[in-house]
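Remarks on the structure that follows.
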Amino acid sequence: MKVSIIITTYNSEEWLRKVLIGYSVQTESEFEIVIADDGSTSKTKELIDGFSSKFKHPIVHVWQEDNGFQKPKILNKAILASNSDYLLFTDGDCIPRKDFVFTHLFFKEEGYFLSGGYFKLPMSISNSISENDIINQECFDISWLRKQGLKFNFKLTKLTHNKWIAAFMNWLTPTKRSWNGHNSSGFKKDILAVNGFNEVMKYGGLDRELGERMFNNGMLSKQIRYSAICLHLDHARGYFSQEEWDKNLAIRAFNRKHNITKTPNGINKNE
175 MKVSIIITTY
185 NSEEWLRKVL
195 IGYSVQTESE
205 FEIVIADDGS
215 TSKTKELIDG
225 FSSKFKHPIV
235 HVWQEDNGFQ
245 KPKILNKAIL
255 ASNSDYLLFT
265 DGDCIPRKDF
275 VFTHLFFKEE
285 GYFLSGGYFK
295 LPMSISNSIS
305 ENDIINQECF
315 DISWLRKQGL
325 KFNFKLTKLT
335 HNKWIAAFMN
345 WLTPTKRSWN
355 GHNSSGFKKD
365 ILAVNGFNEV
375 MKYGGLDREL
385 GERMFNNGML
395 SKQIRYSAIC
405 LHLDHARGYF
415 SQEEWDKNLA
425 IRAFNRKHNI
435 TKTPNGINKN
445 E
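Heads up: the sequence shown begins at 175 in the numbering used here, then just goes up one per residue.
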């Protein structure tokens with residue numbers, strides 16, 4: 175097993191089904207999927223059970239009771255439940271292109287984590303993508319997306335299949351090489367070294383906060399947003415709170431000022 179793919183989810187069976195279809199057609203098969211489930215109903219477990227025969231390694235379903243937004247907590251549990259020394263983090267609303275896992279493994283390197291992005295779809299196309307569209311990869315084709323009504327814009331360059339163009343765009347983009355929860359990977363030991371995710375944090379920058387502590391601990395990062403492609407399915411964000419967002423910004427500012435590497439509210443509560 176080369177990598178554990180940690181996928182967060184919460185009561186989004188339709189989107190998660192499309193995402194798992196995407197992983198079932200990957201060019202690289204030596205991986206396990208770890209579902210980090212922040213309190214979904216039994217419908218999610220039934221969906222996961224239905225996919226159990228489609229992967230080389232068993233799906234690990236890590237569940238916790240629904241008690242509001244607790245993504246950092248379920249991610250830490252998923253990290254401990256993973257069975258690989260390399261971890262790829264994404265979300266249950268991000269359909270991976272068939273070379274997604276291969277690309278992360280291709281670029282992995284000691285001393286680095288990988289920073290990927292996503293191509294965001296409107297709700298109309300998110301709903302219309304079928305199982306066959308994922309299996310035959312048409313949903314990653316620019317001309318197909320244009321036929322579905324997607325307006326042309328520069329961000330469509332993210333969907334390039336040309337590795338040289340992708341490499342150039344990775345170099346050119348001004349986007350920071352941050353840890354992004356929808357598309358980032360790194361060695362488990364490096365994540366454990368900073369004590370995982372900060373469980374005090376709610377929605378808003380909690381993934382980047384992990385990456386910032388990894389930077390403080392001497393890590394570097396690589397930009398692969400044009401190489402490791404996933405489609406972000408649209409959804410509402412009822413869990414957004416400006417108050418919590420501001421708290422998260424304060425935590426990140428404190429970490430930068432004091433060069434914090436380990437959170438006391440992470441995997442090991444005795445840190």
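Just so you know, even glycine gets a beta-carbon here, dropped at the ideal spot from N, CA and C.
Residue j beta carbon less than 8 Å from that of residue i
i	j	result
G266	G370	no
L254	A210	no
C404	R191	no
D273	T201	yes
V208	V236	yes
K362	L261	yes
N391	A367	yes
T334	A340	yes
Beta bridge counterpart(s) of residue i as assigned by DSSP
i	result
I180	V208, F263
V236	A210
S358	F263, S289
P270	C404
Contact set for residue i: own chain, Cβ-Cβ below 7 Å, skip 5 residues either direction
i	result
F263	I180, G355, S358, S359
S352	S289, R382, G385
M175	E204, F205, E206, H231, N257, S258
N344	Q397, I398, R399, Y400, S401
E239	G213
T215	N185
I233	I207, I209, I222, F225, S226
Beta-carbon proximity list for residue i, same chain, < 6 Å, skipping 5 on both sides
i	result
K294	H406
K230	S203
I195	E305, I308
T437	N369, N372
V199	K272, I309
C115	The first residue shown for the chain is 175 and the last is 445, placing residue 115 beyond what the model contains.
L450	An answer regarding residue 450 cannot be provided, because it is not within the stretch 175 to 445 covered by the chain.
L330	I316
Cut-off 8 Å between Cβ atoms - residues of its own chain near residue i, not counting five sequence neighbours on either side
i	result
Y286	G360, M393, L394, S395, K396
F326	R320
#### Entry: Sufficient close CB pairs (3 or more, under 8 Å) joining the segment 428-436 to the segment 318-333
When C-beta atoms of the segment 428-436 are compared with those of the segment 318-333, fewer than three pairs fall below 8 Å, so the two segments do not count as touching.
### the segment 302-321 in contact with the segment 375-386 per 3-pair CB rule at 8 Å
no
### Query
Residue ranges of each beta strand (DSSP E) run of no fewer than 3 residues wholly in the segment 390-438, ordered along the chain?
394-397, 404-406
#### Entry: Validate contact between the segment 388-400 and the segment 274-290 using beta carbons, cut 8 Å, 3 pairs
yes
### Task
Evaluate the contact criterion for the segment 218-226 versus the segment 245-261: three or more CB pairs, one atom per stretch, below 8 Å.
No: fewer than three Cβ pairs fall under 8 Å.
### Query
What residue ranges within the segment 274-356 form continuous beta strand (DSSP E) runs of no fewer than 3 residues, ordered along the chain?
286-289
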